[in-house]
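A.B. asks:
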Amino acid sequence: MVKMLCLLNDGPDASSGAWIEALSRNCEVEVIDLARKEMPYDELVDKIFASDKVVSW
42 MVKMLCLLND GPDASSGAWI EALSRNCEVE VIDLARKEMP YDELVDKIFA SDKVVSW
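Residue numbers (our numbering): 42 to 98.
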């Protein structure tokens, strides 16, 4: 299964929620809300490289 990482720069909205729901039907989706979650840069980079696809809103 394809691993997809969704990065939300300004938090979730209706559009991103609908897209994430649709993508999760065929992909293993992980969502990171960068507006709310402080994440060490190296951890974020590791997650990006561990994913098959990355989408940023």
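The beta carbon of each residue, even a glycine, is placed where N, CA and C say it ideally should be.
Which stretch, first to last residue, makes up the beta strand (DSSP E) that contains L49?
C.D. replies: V43 to L49
A.B. asks: Taking K78 as part of the beta strand (DSSP E), name the residues at either end of that continuous run.
C.D. replies: K78 -> no beta strand (DSSP E), and no H or E assigned at all.
A.B. asks: Can you say whether V70 is buried or exposed, counting buried as having 16 or more other CB atoms within 10 angstroms of its CB?
C.D. replies: buried
A.B. asks: Take M45 as the anchor and find which of C68, M80, L75 and S97 has the nearest alpha-carbon.
C.D. replies: C68
A.B. asks: Use the C-beta contact count for I89: other C-beta atoms within 10 angstroms, 16 or more gives buried, fewer gives exposed.
C.D. replies: exposed
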